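Protein chains in written order, with this note's numbering: chain D, 5 to 211; chain Z, 5 to 211; chain V, 112 to 468; chain U, 112 to 468.
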Ligand SMILES: Nc1ncnc2c1ncn2[C@@H]1O[C@H](COP(=O)(O)OP(=O)(O)O)[C@@H](O)[C@H]1O
Ligand SMILES: Nc1ncnc2c1ncn2[C@@H]1O[C@H](COP(=O)(O)OP(=O)(O)O)[C@@H](O)[C@H]1O
Ligand SMILES: [Mg+2]
Ligand SMILES: [Mg+2]
Ligand SMILES: [Mg+2]
Ligand SMILES: [Mg+2]
């Protein structure tokens, strides 16, 4: 079971983690992109935590909808619409809920990942955030289906995200700015996959 | 006695010396000017030696007139009109001559220096080429008046030019680009005084 | 980092404030959400032209708002696509009842944000079409990349379509024209230095004294290859030949079907250049390269075109689509027909491009 | 040194060739001696305007040749004054029988070369006047220096006098107007980086990461002081206040007396600026500073002028008088009267400045 309070704490903690990793994410983006991913994400999540108090008494679906709209209107770039879409689809999946079961989270992750894939037209292995998000959603779903607790399932999801993130290193990018580098994009970890891993890891660590 | 052939050899040697000192003169100009004095002078004297064959059978006045016109049309900047004027006035002072006595050279230097002073409106101590040229002309005149040989007089003129050139180091410039630096021009040797010294020294060394 | 700025986070806002203060007769600026629009907009009955993208490319796009070019520009943060709410708000401001053409550079961020904005505008009953510009001949295939980026042709499309909108083209005819300009334009650029995103504070990439990046975009990102620095003539030749000898390029793009309210995939092919063609030659500074050097590039480009039997009928030379203070240049060749020439020559009056008035 | 050039010794020639190839309807170029002139010149019965100076300041001056501005430009080597034979040959080419006004920046080299050229033209029976521009408020006294340098006001004088010549002013009225523009214009600049003269191949001076040069000219030479880098607002304030609070400046200049054929000294005084004045505000890039930063400077400048009760009636913002790829900017304020406003607004059509046609 994940409560609404935990969700709120997770979003708050995410803003802190993103801020702490702002330069790191930006450096990753400098290598194969345009050196703004950390700056973009930080701008977005700072706005998110400013918005949270106004929806703290609403359901989780509404909270996610607000996160979505805030990211869409403040992040910009590629990651803004993508994370925005992730939370938009997630919000629809958990509309009206005050707490989430393992199945809820499973549905939420699945919906979010599909939204990102649709919006960005990327596939697994294209060296994008999808390479962290998609394995994480699958791992979570399998764990829950196999009877694991939410905490255990999250642990496996984060492990899968981390592996997916690291697996982007040797990949040649096929979507996003990094794709223009051709073979030179290999050898660098994808910034979006990294922020995705950080966000999921923060959920795991939120008590 | 200085023969026409010596004058031609001097001009040729000057072109070589200026080329060898091109970077040095430009560096001096970089410190208190716009980093082109060596480049300007070299462009001019390369053209001068290209012109010399066409006037090699003319008198010294004509040769100097050609040097003057060539420098005026090819050096540009401040040094072009100034050295051009120097040789123009010098040419008038020795019009028609095939060889020069000590008195001739004295008159030539005096006329040249006056021309430079008039054109540039500079005074002794303004940290310009005049600070090398003017003491050299005076020293030469005095030596000849005191009965020295041309070679001896030249030796003293060059020594005076060298002293004048070195004396520009502590001066605050009052004319030319260096004057805009104000007190910051002190501590640097004037590029134009340096090229003037090199040209006179080459005359002394020309056999 | 040495820049004439105050706080890095205020760069975009303060630069727009300065631009609006300088040209109140031409443009107005709004913030939160941020957009620049033509003074006096909406122009009733005229299709409105909107473009946008990350900041750092000035004068593009805000400097092209005015008479005979854009009705609005939506500047994002430096090198970061604008958000859908900026684009929607600009659409509401400039919509004169004849619909809106969004000219969108083909970067994943720009495409997605403009797609979301189109969906939102549609749901408000505003008729919108998005036309993508993807002219960067440095990108060779569209299958294994995001497809060609939108670079120099964007400026030319904004001018040509702006004149057409001013001249009364309706939305679908304007979209068709914009598609034509895109298909006939090709670009390629080199960077001699990196640039520094103010919020990052250090150069995006490091280039050695003897190196340059070939096939760069306009976001300070590295290009498709790094090679030893070459002479201006060699660089002009490399860029021009890549463009001139680029073969037919086919890709599938997503366009908005305003009648059915959904996205439709269209397959489009660039006709290659050939002898006898007339072109507009655009030599663009990436920001830190002075005009004198652009003319050295143009000199060689003109010789190459002449040798290839390509006639330069019009040209544009200067810093129009920059990457902050990056040194380098791009070349764009746009194959012209009479319609495009007439529209190019039509009067334009914006902060950065002006003639005929 | 990273530049889009071929051999350093060909930079000036190739850049001019490129410029002439790009704008054959506006300008023609001649070499040995080198000058650029208006296509179709001489214009019979019109006073011809000539300016010139070292290269490296593009678009100035060649980019300002055309209708309503200069009839000819004489470019020297990079940062090196042109020679008298260039200026004389240009005068012969553009003389339409009504005489020639030479607009000369007050640098020792430019002054001397233009003086010799005036003497030569006079001896050929061409009526010539030389008007000096000396507007650099960074230079405080005229006694212990070469006097104020000619900087930003030069561009404005060329535009305003060009319109007047086009409008039929005779030579002496035109010279008087040019003198007025000069006396009412003041400028000051800062450099964030040095520039590199191609023939030298390394920067003229070295600035540390945290330093800038204040009160620089336009030849890549160091300025009057080196200070820690400041914010855009502080820089705008420093420059604007120096200009606005500059007191009456008096100096003796040498002008040519075309009737008597000799030089005459004239004493001239700049009227200081005061509340209620209308000005043209010119924010100029030194080459490597992008437009976005100029607008940040303009934003603050507009605030300062407003606070001081000075009305910015016109503005010009961009890279018009550069120092190769130097980063930095200059501000010029020109106190306007109705005559100057009317002439500023008059049509102009040159490679680098164009409006009204
Ligand atoms: N089409 C896409 N689909 C999925 N993810 C994408 C796509 N394009 C980019 N991304 C992700 O976005 C990240 C870059 O985000 P960011 O730097 O904020 O935006 P931008 O690339 O516009 O500067 C990439 O590292 C990648 O993970
Ligand atoms: N008014 C002047 N009178 C005499 N000499 C001058 C004057 N102005 C400049 N000079 C000399 O010219 C030299 C600089 O020459 P150069 O660098 O070739 O020209 P510029 O200063 O135009 O770049 C100075 O070092 C100085 O000796
Ligand atoms: Mg990025
Ligand atoms: Mg010099
Ligand atoms: Mg970006
Ligand atoms: Mg010089």
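Note that the Cβ used here is the ideal one computed from N, Cα and C, for glycine as well. Bear in mind the structure is a predicted one, so any value in this text is a computation, not a measurement.
Chain order gives no chain V residues near residue 137 of chain D, where near means a beta carbon separation below 9 Å; the closest approach is about 16 Å. Using a Cβ-Cβ cut-off of 8 Å, residue 183 of chain D is close to 255, 256 and 257 of chain V, given in chain order.
When DSSP states are grouped into helix, strand and coil, residue 157 of chain U belongs to the coil group. When rounded, the separation of the alpha-carbon atoms in residue 165 of chain Z and residue 464 of chain U is 49 Å. A Cβ-Cβ contact shorter than 8 Å links residue 19 of chain Z with residue 53 of chain Z. Listed along the chain, the chain U residues whose CB falls inside 7 Å of the CB of residue 78 of chain Z are 194. Any Cβ of chain V closer than 8 Å to the Cβ of residue 119 of chain D would place that residue at the interface, and such an atom is absent.
In the three-state scheme derived from DSSP, where H, G and I count as helix and E and B as strand, residue 80 of chain D is classed as coil. Residue 220 of chain V has its Cβ nearer than 7 Å to a heavy atom of ligand 1.
Cβ-Cβ distances below 7 Å link residue 207 of chain U to 153, 154, 155, 156, 157 and 159 in the same chain, with the five nearest sequence neighbours on each side left out; the list follows chain order.
Within its own chain, the residues whose Cβ lies closer than 6 Å to the Cβ of residue 172 of chain Z, once the five positions on either side in sequence are excluded, are 131, 135, 193, 194 and 197, listed in chain order.
In terms of side-chain proximity, the C-beta atom of residue 362 of chain V is found no nearer than 7 Å to any non-hydrogen atom of ligand 1. Inter-residue distance for residue 84 of chain Z and residue 296 of chain U is about 30 Å (C-alpha atoms, whole angstroms). Residues with their Cβ less than 5 Å from any non-hydrogen atom of ligand 6, running along the chain, are Z/38, Z/40, Z/81, U/190 and U/191.
Contact annotation for residue 308 of chain V against chain D: 38, 39, 40 and 43 [CB-CB distance below 8 Å, chain order].
Any Cβ of chain Z closer than 8 Å to the Cβ of residue 269 of chain U would place that residue at the interface, and such an atom is absent.
If the five residues before and after residue 29 of chain Z are omitted, its C-beta is found closer than 7 Å to the C-beta atoms of 41, 42, 45, 195, 198 and 199, all from its own chain and listed in chain order. Taking 7 Å as the upper bound on Cβ-Cβ separation, chain V lies near residues 398, 399, 400, 401, 402, 403, 404, 406, 407, 408, 409 and 410 of the stretch 384 to 412 of chain U.
For residue 396 of chain U, the enclosing beta strand (DSSP E) has its first and last residue at 389 to 396.
Rounded to whole angstroms, the separation of the alpha carbons of residue 210 of chain V and residue 236 of chain V is 10 Å. Counting only Cβ-Cβ distances below 8 Å, residue 339 of chain V has no contacts in chain D at all, with the closest Cβ about 17 Å away. Secondary structure note for residue 181 of chain Z: it is in no alpha helix (DSSP H), with a DSSP letter that is neither H nor E.
Rounded to the nearest angstrom, the Cβ distance from residue 327 of chain V to residue 432 of chain V is 12 Å, too far for a contact under 8 Å. Remark: the C-beta of residue 125 of chain Z is in contact range of ligand 2, defined as less than 7 Å to any heavy atom. Chain order gives no chain V residues near residue 448 of chain U, where near means a beta carbon separation below 8 Å; the closest approach is about 21 Å.
From the beta-carbon of residue 179 of chain Z, the residues of chain U found nearer than 9 Å are 219, 256 and 257. From the beta-carbon of residue 85 of chain D, the residues of chain V found nearer than 7 Å are 223, 224 and 227.
Distances from the CA of residue 452 of chain V to each of V/392, V/400, V/436 and V/401 were compared; the closest alpha carbon is that of V/392.
The beta carbon of residue 204 of chain Z sits closer than 7 Å to the beta carbons of 140, 161, 162 and 165 from its chain, once the five residues preceding and following it are set aside; these are given in chain order.
Cβ-Cβ distances below 6 Å link residue 243 of chain V to 215, 217 and 364 in the same chain, with the five nearest sequence neighbours on each side left out; the list follows chain order. Chain-ordered, the chain U residues with CB closer than 7 Å to the CB of residue 30 of chain Z read 311. Here residue 277 of chain U is near residue 179 of chain U, since their CB atoms are less than 8 Å apart. Within the stretch 324 to 350 of chain U, contact with chain Z at the beta-carbon level (separation under 7 Å) is assigned to 328, 330, 331, 332, 333 and 335. Between residue 187 of chain D and residue 337 of chain V, the alpha-carbon positions lie close to 12 Å from each other. As for any alpha helix (DSSP H) of minimum length 4 sitting wholly inside the stretch 280 to 332 of chain U, the runs are 282 to 295, ordered along the chain.
Scanning the stretch 346 to 427 of chain V for uninterrupted beta strand (DSSP E) segments of 3 residues or longer gives 360 to 368, 373 to 381 and 389 to 396, listed from N- to C-terminal end.
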